[in-house]
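Numbering (this note's numbering), first residue to last: 1033 to 1441.
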């Protein structure tokens, strides 16, 4: 067989094998024909969490950091020199004004009082004798038995003894005061601090250190500052009625006490551009303690019946704030809104939303105008404006837009 014939034979074999393989391949079933008028399945929709535009009362709040101060703080010191012989209090106890605290040895002051009283009695006797002589000599001057000079000298002696009696009375009063100072009493009602001097120690009136401190914590005060741009509105509202002030703990959620604004300072600090204020709290449960730092919220006024939505509902766009409103057919409308203030997890909407409208609270980032949505099960606390509401019914102290708050007040 020639070379050409071998090549032709191989070609025929390859063609035969290819045909056999094609015959043995399984035949794929034909796709069913689709009718032109058959409805297509609807898109599943973007999962979102929905909420409702609600009407509520929202306070206008100014935020600050404050320091708790005792209404009165007294350092008890000795007003005399002496030895402490008794301590009549326990550290940290509550005392009433006038309660005995410490006793200084009274014996030296008792002796000084008795000496002053004896001196007065001596001078009284001398005065009585001098006055009797003066009366007799007044009769003898006219007859020439006593000279006018002698009479005048006796008259001066009487006046001198009368002045001495006044000095004796002053000495007695001083001695009595010092004897009274030997018993140290509480000048105010309050809570005692640590005992600084033990019994047996000598104390002096010139000592810089005290014996014990006493702080009045019922009522108690909180001092804080606000930017000067708020002082006009604060003074205006305070003139109508004392403003409510709330003190929160470091977590900005735990309400410690509610009080009233009692001081607006008479000057603005030029170094910081702030004005100092002070609020007073009854502090019956003693949740405020001197020296403590607290978050202060001044309730400037109340917005009544305003539309509100959870803060995360409102988004920022190139042309301002917007929110997605859910229609009855589960499609959304992107709507421009005006926000008066955002605080406590709430956005107060002044324009763009009506009470009762259904809005998208979470899941906005995948939405566009007219998009179809699917309402997902809400997360715990989702869509609740005051989910962080602390005990006592007050909203949590989330960060407040103070600039907008002050302008809207």
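Built from N, CA and C at the ideal position, the CB exists for glycine as well.
Item	Value
Suppose you measure from the CA of residue 1153 to the CA of residue 1135; what does that come to, to the nearest Å?	30 angstroms
Identify the residues that DSSP records as bridge partners of residue 1442: which are they?	Here the chain comprises residues numbered 1033 to 1441, so residue 1442 is not present and cannot be evaluated.
So what does DSSP say about residue 1140, is it helix, strand or coil?	helix
So the alpha helix (DSSP H) residue 1353 belongs to, where does it begin and stop?	Not the alpha helix (DSSP H): residue 1353 falls in the beta strand (DSSP E), residues 1352-1358.
Specify, as a first and last residue, the run of the beta strand (DSSP E) that residue 1204 falls within.	No beta strand (DSSP E) holds residue 1204; the alpha helix (DSSP H) holding it covers 1180-1213.
What three-state label does DSSP hand residue 1150 in the structure shown?	helix
Could you give the DSSP three-state label for residue 1365: helix, strand or coil?	strand
Below 8 angstroms on the Cβ atoms is my contact criterion, and I expect residue 1248 with residue 1103 to pass it. Report the Cβ-Cβ distance as a whole number of Å.	4 angstroms
Residues in the same chain with beta-carbon distance under 6 angstroms from residue 1065, minus the five sequence neighbours each way, listed in chain order, please.	Bear in mind that a pLDDT of 49 at residue 1065, under 50, signals an unreliable position, so the model cannot answer this.
Do residue 1326 and residue 1279 have their CB atoms nearer than 9 angstroms?	yes
Secondary structure at residue 1172, three-state DSSP: helix, strand or coil?	helix
Which two residues bound the contiguous alpha helix (DSSP H) that contains residue 1268?	1263-1272
Out of 1078, 1076, 1082, state which residue places its alpha-carbon closest to the alpha-carbon of residue 1388.	1082
Is it true that the CB of residue 1385 sits closer than 9 angstroms to the CB of residue 1343?	no
Between which two residues does the beta strand (DSSP E) holding residue 1300 run?	1287-1301
Would DSSP call residue 1155 helix, strand or coil?	helix
To the nearest angstrom, how far is it from the Cα of residue 1242 to the Cα of residue 1227?	9 angstroms
Enumerate in chain order the residues of its own chain whose CB-to-CB distance from residue 1118 is below 8 angstroms, with the five nearest sequence positions on each side excluded.	1134, 1135, 1231
To the nearest angstrom, how far is the alpha carbon of residue 1364 from that of residue 1314?	51 angstroms
Would you mind sorting residue 1063 into buried or exposed? The rule is 16 or more other CB atoms within 10 Å of its CB.	In this prediction, residue 1063 scores a pLDDT of 48, lower than 50, which makes its location untrustworthy; the coordinate-derived value is nonetheless stated afterwards. Exposed, since its Cβ has fewer than 16 Cβ neighbours within 10 Å.
Take residue 1057 and list the residues in its own chain whose beta-carbon comes closer than 6 angstroms to its own, dropping the five residues that flank it on each side.	Residue placement at residue 1057 is poorly supported in this model, since its pLDDT is 49, which falls under 50; the coordinates still yield a value, given next. No residues qualify anywhere along the chain.
Specify the secondary structure class of residue 1161 as computed by DSSP and reduced to three states.	helix
Assess contact between the region 1118-1132 and the region 1181-1190, defined as three or more Cβ pairs (one per stretch) separated by less than 8 angstroms. Is contact present?	no
May I have the straight-line CA-CA distance separating residue 1121 from residue 1305, to the nearest angstrom?	45 angstroms
Figure out for me which residue from 1220, 1077, 1236, 1310 has the closest Cα to the Cα of residue 1213.	1236
For residue 1260, which of helix, strand or coil comes out of DSSP?	helix
Would you mind giving the Cβ-Cβ distance between residue 1328 and residue 1097, rounded to the nearest angstrom? I have them listed as a contact below 8 angstroms.	7 angstroms
Quick check on the DSSP output: the beta strand (DSSP E) that includes residue 1349 runs from which residue to which?	1347-1349
Return the Cβ separation of residue 1291 and residue 1311 in integer angstroms, given the expectation that the two are a contact with Cβ distance under 8 angstroms.	5 angstroms
Alpha carbon to alpha carbon, how far is residue 1166 from residue 1220?	53 angstroms
For residue 1055 and residue 1360, what's the separation of their Cα atoms in angstroms?	In this predicted model, residue 1055 has a pLDDT of only 45, less than 50, meaning its place in the structure is not dependable; the value taken from the coordinates is given anyway. C-alpha separation (whole angstroms): 59 angstroms.
Considering only residues of the same chain and omitting the five flanking positions on each side of residue 1080, which have a CB-CB separation below 6 angstroms?	1392, 1395, 1405
Three or more C-beta pairs closer than 8 angstroms, one from the region 1081-1095 and one from the region 1197-1212: is that the case here?	no
Check residue 1320 in the structure and name its three-state DSSP category.	coil
Spell out a yes or no on whether the region 1333-1343 and the region 1294-1304 are touching, meaning 3 or more CB-CB pairs, one atom from each, closer than 8 angstroms.	no
Just grab the DSSP bridge partners of residue 1118 for me.	1135
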